[in-house]
Amino acid sequence: MSERTRLTTVEEVHANASWLFSARDRHGETEEVVLVPCEGGVEAWVNRCMHQPQRLDTGVGAVVRDGEIICPRHGSAFDACSGHCDNGEAAGTTLVDVDVTVEDGAVYLDDRTFRFAHAGGVDE
Numbered sequence: 810m811s812e813r814t815r816l817t818t819v820e821e822v823h824a825n826a827s828w829l830f831s832a833r834d835r836h837g838e839t840e841e842v843v844l845v846p847c848e849g850g851v852e853a854w855v856n857r858c859m860h861q862p863q864r865l866d867t868g869v870g871a872v873v874r875d876g877e878i879i880c881p882r883h884g885s886a887f888d889a890c891s892g893h894c895d896n897g898e899a900a901g902t903t904l905v906d907v908d909v910t911v912e913d914g915a916v917y918l919d920d921r922t923f924r925f926a927h928a929g930g931v932d933e
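Position one of the sequence shown corresponds to residue 810 (my numbering), numbered consecutively onward.
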């Protein structure tokens, strides 16, 4: 469904601790996706806690601490690289991943189930 789309740079994601964009799924519904630093690279996750429909990045950047994305509502911490949570209300869940690749410092959306809509959240 998607053509490869250049999103941003690894440097920008690492400098800001996250980078938010909106994408349309195969049904035309808009989802927010958050890019986060991971072991020198970048991972992408649907911007939603698995415990309740809470945005991890509320539009001002995700809270990423010690390699974990922190849910602003309940404090559950998701591993930035695996998406897995082993604590708090969301313990035992894993974030929904979105396929991205990194080449020459640039981050590309490669997930065939999503089509890039725009940088920022759905309300922007």
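For every residue, glycine included, the Cβ atom is placed at its ideal position computed from N, Cα and C.
No experiment lies behind these values; they were computed from the predicted model shown.
- With a threshold of 16 other beta carbon atoms within 10 Å, residue 846 meets it and is buried.
- Runs of beta strand (DSSP E) with 3 or more residues, each lying fully within the segment 817-886, are found at 828-834, 839-847, 850-855, 872-874 and 877-879, listed in chain order.
- Beta-bridge partners of residue 916 (DSSP): 817 and 911.
- Rounded to the nearest whole angstrom, the C-alpha separation of residue 926 and residue 898 is 31 angstroms.
- Spanning the alpha carbons of residue 814 and residue 832 requires a straight line of approximately 11 angstroms.
- Across the set 890, 902 and 853, the C-alpha of 853 shows the shortest separation from the C-alpha of residue 817.
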